[in-house]
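What follows is a set of notes on a single structure, which appears directly below.
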Amino acid sequence: MFKKCTDNTKGPSCNCGVSVRVGDDTYVHNQCFDGDRKQDVENRKPKIWNNGEISKGLRIVTFNDGKDTNVSALTINLNN
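Following numbering that gives the first Met the number 0, the numbering of the sequence shown begins with 0 at its first residue and continues without gaps.
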């Protein structure tokens with residue numbers, strides 16, 4: 000996820016979100032803003048989609064009063 004860093008249409012883009020998939024679970028944290036205040040507040044909420052229990056190996060930790068998040072994803076394929 001990315002957005003323009005400046006008002007210059009030819010300027011660079013900045014990362015403003017992340018998504019992580021482990022097994023059948025997907026975690027999305029979107030910090031991209033479009034100017035609609037109500038929608039921006041909704042977009043900022045981290046979301047997770049999962050089927051049943053969260054997959055082993057997915058760890059989500061928030062700290063600094065929810066301002067920072069650490070997402071760890073460990074997957075091992077033992078079927079080689």
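Don't be surprised by glycine CBs; every beta carbon is placed ideally from N, CA and C.
Same chain, Cβ closer than 8 Å to residue i, neighbours up to 5 away in sequence not counted
i    : result
Cys4 : Gly10, Pro11, Ser12, Cys13
Opening and closing residue of the beta strand (DSSP E) in which residue i lies
i     : result
Cys13 : 12-14
Lys44 : From DSSP, Lys44 is part of no beta strand (DSSP E); its letter is neither H nor E.
Phe32 : Looking at the DSSP string, Phe32 is not in any beta strand (DSSP E), and its letter there is neither H nor E.
Lys84 : The requested residue 84 is not part of the displayed model; the chain covers only 0 to 79.
DSSP-derived helix/strand/coil call for residue i
i     : result
Ser54 : coil
Lys66 : coil
Asp24 : strand
Thr61 : strand
Close-in-space but distant-in-sequence residues of the same chain around residue i (CB under 6 Å, 5 per side omitted)
i     : result
Arg58 : Ser71
Asn69 : Val60
Same chain, Cβ closer than 7 Å to residue i, five either side skipped, listed in chain order
i     : result
Val21 : Ser54, Gly56, Leu57, Ala72, Thr74
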